[in-house]
Amino acid sequence: MPTLFELISPFLIGGISGCTATTFVQPMDTVKVRIQVRSELKGQGQTINVNTLEIIKDIIKTEGPFGFYKGIGAALLRQVTYATTRLGLYRAIDDHYKRTHGRSMIFWERCLASSFSGFVGSIVGNPADLCLVRFQADTLLPEAQRRNYKNVFDALYRIVSEEGLITLWRGSLPTVIRAIAMNLSMLTTYDQIKDIIVSLHGKGKEDYMDKLLSSAAAGIGCAIASLPPDNLKTKLQRMKKDPTTGQFPYKNIGDCFLKTIKREGVTGLWVGLPVFYTRVGPHAMITLLVQDTLTQMWNPPKKKN
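Under mature numbering (1 follows the signal peptide of the UniProt record, and there is no 0), read the sequence shown as residues -21 to -1, 1 to 284, first letter to last.
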């Protein structure tokens, strides 16, 4: 019978791992959102620069170095809710398999567990994710249309009071799709490749290099699989009603998908992929390595009698 600490430790470790990674990669996440927003505005006919280096220079010039950490409170809250749930639930399911079946999950079981964990985590984390996107995109709006949230709690309060509680889950469908794609490509890939590498070198147990290679592969998979839904999520979560027509620019995720392809082409779904990888790749690697390290420290393998 597992102890209480053994039951909750996967969730504690998941939250700490996600927050640690986010602290390091938040600047690239901010640049990624600005690229997606500017690409959308350019597709709408505005003359606007989408060059990554120019965006970085613009942030430094107009907002200073701390501009890269705009919305960090919402980003950390997102990890406390989203990462704690998706990473903790997956490891809790894997731990259950080890206790009840005497083995780790096999590939298809990992796919199901990671997809389910991503789904639950995205629902829990969507309110904080919505706040984060709005923080990062706010300065690109005309001054009269900016929301100017003071902090994440002010954002949550104003969204509920001004737009209704259900708005906190606006863009939740692409968020769910993104979370499932990310969890599937990150956690399943990491565990599966790590098992393959261990079986190939014949040492019987994993070492740090095995984890490093596996996490790097998982980061690449994450970036490619999750960028299209991430792109759609950003557009849906930041949209505002047109002052003239009173209509939102997108009716739903399907409408957003079709309009994006029409304006930006199919490759527009992967706009900013290099920047996205510099955010998602290191984030996945740091998260997985911190998670494994803390798991070994807090829950060392029990010695057999």
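Even for Gly, the Cβ is constructed at its ideal location relative to N, Cα and C.
*Using the C-alpha atoms, what's the distance from phenylalanine 95 back to glycine 50?*
28 Å
_Three-state secondary structure (DSSP) of isoleucine 159_ = helix
*Proximity to leucine 192 [Cα-Cα], best of Leu119, Thr257 and Leu268*: Leu268
*In whole angstroms, what is the alpha-carbon distance linking proline 6 and glycine 104?*
The alpha-carbon atoms of proline 6 and glycine 104 are separated by roughly 20 Å.
_Other residues of its chain near threonine 31: CB distance less than 6 Å, five sequence neighbours each side excluded_ = Result list for threonine 31: Val254, in chain order.
*Let me know the secondary structure DSSP gives lysine 283 once reduced to three states.*
Confidence at lysine 283 is low in this model, with a pLDDT of 49, below 50, so the placement of that residue should be treated as unreliable; the coordinate-derived value is given next. Here lysine 283 sits in coil by DSSP.
*Smallest Cα separation from tyrosine 61: which of Asp189, Val16, Leu111 and Thr(-19)?*
The shortest C-alpha separation from tyrosine 61 is found at Leu111.
*Spatial neighbours of leucine 248 within its chain, please: CB distance less than 6 Å, with the 5 preceding and 5 following residues excluded, ordered by chain position.*
Pro207 and Asn210
*Look at proline 261 and phenylalanine 3 and say whether their C-beta atoms are less than 8 Å apart.*
yes
*So is valine 245 buried or exposed if we call it buried at 16+ other beta carbons inside 10 Å?*
exposed
*Looking only at C-alpha atoms, which of Pro228, Thr118 and Arg57 sits nearest to valine 12?*
Thr118
*By DSSP, does serine 96 sit in helix, in strand, or in coil?*
Of the three classes helix, strand and coil, the one that applies to serine 96 here is helix, per DSSP.
*Every unbroken alpha helix (DSSP H) within the segment 167 to 219, with a cutoff of 4 residues, ordered by chain*: 168 to 180 and 187 to 217
*From what residue to what residue does the alpha helix (DSSP H) around methionine 7 run?*
DSSP places methionine 7 inside the alpha helix (DSSP H), whose first and last residues are -18 to 22.
_C-beta atoms of arginine 57 and aspartate 8 nearer than 8 Å_ = no
*asked:* Between the alpha carbons of valine 10 and histidine 75, how many angstroms are there, rounded?
replied: Roughly 39 Å separates the two Cα atoms.
*Where does glutamine 58 sit, in a helix, a strand or coil, going by DSSP?*
helix
*Buried versus exposed call for proline 153 [16 or more other C-beta atoms within 10 Å across all chains shown]*: buried
_threonine 167 versus glutamate 185: straight-line alpha-carbon distance, rounded_ = 16 Å
*Given that a residue counts as buried once 16 or more other Cβ atoms are within 10 Å of its Cβ, and exposed if not, what is tyrosine 128?*
buried
_Alpha carbon of asparagine 130 to alpha carbon of alanine 53, nearest angstrom_ = 8 Å
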